[in-house]
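Asks: Below is one structure. I have some questions about it.
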Amino acid sequence: MSRADRVAKLLGWYPPLWRAKYGPGLAALLEDTYGKGKIPAKAQISLIKTGVAERARETGLLGDTASPLERQRAGSLLVLCGWAGFMLAGALFAKFTDNWGASTSNGDRTLVRAMYATVQWGGAAGALLVLTAALIVLPSLIRLVRSGDWTSLRRPVVQALCTGTVFVASSVGLILWAHHLSYRDRNGALVSYEIVVACWSVAVGVCVAVGTSAAVSITQRLDLSRRKVQSLSTMAMALTLSMAAILAAMITWWKIEASHAPAFMRDGIGNGFIVTSSTFPPALVVASILMMIGLAAAIAGALRVAHARRGGAGTHLGGSIS
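Oh and the sequence shown: position 34 is 34 in the working numbering, straight run, nothing missing.
Next comes the structure, spelled out in structure tokens:
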């Protein structure tokens, strides 16, 4: 890679408008400072950090330079990214808790069932909020497609469709195989099944990440009215509350089951692959970490929305009123 290519790669971390205005000057400064020599790693890291910060500032995630509505939209999209982590954790939790009810005595079921139901209903409420948000932005998406101004989004959309196809195909294959296995084989006894499930989990993560990235890219390009942006941001804050309830319920369920059904926790999927524990099953540890990261992102987004609302709102974001 030539020096010019390396500089162009570093400038690629900055948003297009910033590059058009300041890119040539920064490239000249790098040339004057380092000549033909290699740009030090410390300087490269500093440039990357500054570029990422500029992108965040341009999209409304940092600073107050963007309009209040843009900051509300950015905060809402950050909540959506947090929800993506919850979807991964939810899939892992659902797989781990396959047939969990049969392992808990009748005297212990009232609270633990309530916590499990809270996780289920919280997940359903979150999915409904996301679906409603998608329906709200659908007319704006249709207008974008009809205008022909969506060609730059074709790549993320195609990537999302491809990864979704691979996910569906692998899920069907895994389900068909699981139906021919015993409960014991599906929960740690069959190493080959554990390995395939681990690979499938990675595929789920990639699919969710690519799909979320495509959703964010598309939403950033849509023309949305003030009313729509505020409705979306309200749902984003409600989604954050739902995520907090899900995490609290899952941890409570975990604590109860670890005390009253250690055998189930020890035999759950994921145990034995690397480590075995009835108190801290690897699958639940990973799920809780994903949930905590997702909730942290969602809280940051919700706070961004709340701050933008206190600062006032403009009349419209992106163009025509819809």
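Cβ coordinates follow ideal geometry from the N, Cα and C atoms, glycine included.
1) Whole-angstrom Cβ separation of A245 and G122, contact assumed at under 8 Å?
2) Grouping DSSP H, G and I as helix and E and B as strand, with all else coil, what is L224?
3) How big is the Cα-Cα spacing for A313 and Q72?
4) Using the C-alpha atoms, what's the distance from L128 back to V197?
5) Taking the C-alpha atoms as reference points, what is the distance between H260 and S147?
6) Cutting at 7 Å between CB atoms, please list the residues of its own chain near L295, excluding the five before and the five after it.
7) Got a sec, what are the start and stop residues for the alpha helix (DSSP H) H179 sits in?
8) Counting only runs of 4+ residues fully inside the region 109–172, write out the alpha helix (DSSP H) ranges in chain order.
9) Of all the alpha helix (DSSP H) runs that stay within the bounds of the region 12–40, which reach a length of 4 or more residues?
10) Please say whether W200 and S233 have beta carbons closer to each other than 8 Å?
11) Considering just the uninterrupted stretch of the alpha helix (DSSP H) at W83, what are its terminal residues?
12) If we ignore side chains and look at the alpha-carbon of each, how far apart do S320 and I256 end up?
13) Using 10 angstroms around the beta-carbon of F96, count the other beta-carbons present and answer buried if the total reaches 16, otherwise exposed.
14) Closest to A238 by C-alpha separation, out of D5, R266, V172, I299, would be which residue?
15) Just checking my contact of V137 with A236 at CB under 8 Å: how many whole Å lie between their CB atoms?
16) Using three-state DSSP, classify A261 as helix, strand or coil.
17) Mapping the DSSP letters down to three states, classify S278 as helix, strand or coil.
18) What number of angstroms, rounded off, separates the C-alpha of P68 from the C-alpha of P262?
19) Spatial neighbours of G85 within its chain, please: CB distance less than 6 Å, with the 5 preceding and 5 following residues excluded, ordered by chain position.
20) Here's the rule: buried if 16 or more other CB atoms are within 10 angstroms of the residue's CB, otherwise exposed. What is L135?
Replies: Working from what's here:
1) With a Cβ gap of about 5 Å, A245 and G122 count as contacting.
2) strand
3) In this prediction, A313 has a pLDDT of 44, which is less than 50 and means its spatial position is unreliable; what the coordinates show is noted afterwards. The alpha-carbon atoms of A313 and Q72 are separated by roughly 9 Å.
4) Roughly 27 Å between the two C-alpha positions.
5) 60 Å
6) G82, M243, A244, L247
7) Segment: none, H179 is in no alpha helix (DSSP H) and carries neither H nor E.
8) 109–147
9) 16–34
10) no
11) That run of the alpha helix (DSSP H) goes 68–96.
12) Interpretation of S320 is limited by its pLDDT of 36, a score under 50 that renders its predicted location unreliable; the figure taken from the coordinates is listed afterwards. The alpha-carbon atoms of S320 and I256 are separated by roughly 53 Å.
13) buried
14) I299
15) Incorrect: roughly 13 Å between the Cβ atoms, too far for contact.
16) The three-state reading of DSSP puts A261 in coil, since its state is none of H, G, I, E or B.
17) coil
18) Cα to Cα, the separation comes out at about 50 Å.
19) The answer, listed in chain order, is L290, I293, G294.
20) exposed
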